[in-house]
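So the sequence shown is numbered by numbering that gives the first Met the number 0: it starts at 0 and just counts up by one.
Each residue gets a CB set at the ideal place from its N, CA and C atoms; glycine is no exception.
Have a look at the structure below, then the notes.
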Amino acid sequence: MALILFDGVCNLCNGFVQFVIRHDAAGRFRFAALQSAAGQAVLARHGFDAAAVANEPDSVLLELDGRLYSHSEAVLRIARELGGPWRLLRVGRLLPRRWRDAAYRFVARHRYRWFGRQESCWLPTPELRARFL
């Protein structure tokens, strides 16, 4: 099973999580806010300093098959795992990773200004609670 770590107070990130939930018919993904104890434990398991991640523009990370993916690679792998037409987004891998990650960082740096933020982490509905750590 794949785990998506996301910025729990970011409106863009929460919208992305809800998009994944809508298109993940197989229920392959689980989720944890970066700010949560579960999110912090995953970061620590992969040798990340949780405080450093909080200050970086990484708003979505993917833990898949024992590896942690970040930036554009995380988003492209999520699209691949969703299957169906979303797999076509893999064409983005034709671009140099430096360019993809620069675009990712640009959006991530401005996400609060453009999309806003919440005062606290988004809480899933009771039906979805089992998919959140």
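Checklist entry - Out of curiosity, what's the CA-to-CA distance linking Leu-88 and Gly-14? => result 18 Å
Checklist entry - What whole-angstrom Cβ distance do Phe-18 and Arg-130 have, given they're in contact under 8 Å? => result Not a contact, Cβ separation roughly 14 Å.
Next on the checklist: Please classify Val-106 as buried or exposed, where buried requires at least 16 neighbouring CB atoms within 10 angstroms.
Outcome noted: exposed
Checklist entry - Pick from Gly-83, Pro-84 and Val-90: whose alpha carbon is nearest that of Ser-71? => result Val-90
Next on the checklist: For Arg-48 and Gln-39, what's the separation of their Cα atoms in angstroms?
Outcome noted: Position check: residue 48 holds Asp in this sequence, whereas Arg was assumed. About 9 Å.
Item to check | Straight-line gap, Arg-79 to Arg-27 (C-alpha atoms, nearest Å) | outcome: 12 Å
Next on the checklist: Given this structure, state the Cα-to-Cα distance separating Tyr-111 from Ala-101, to the nearest angstrom.
Outcome noted: 17 Å
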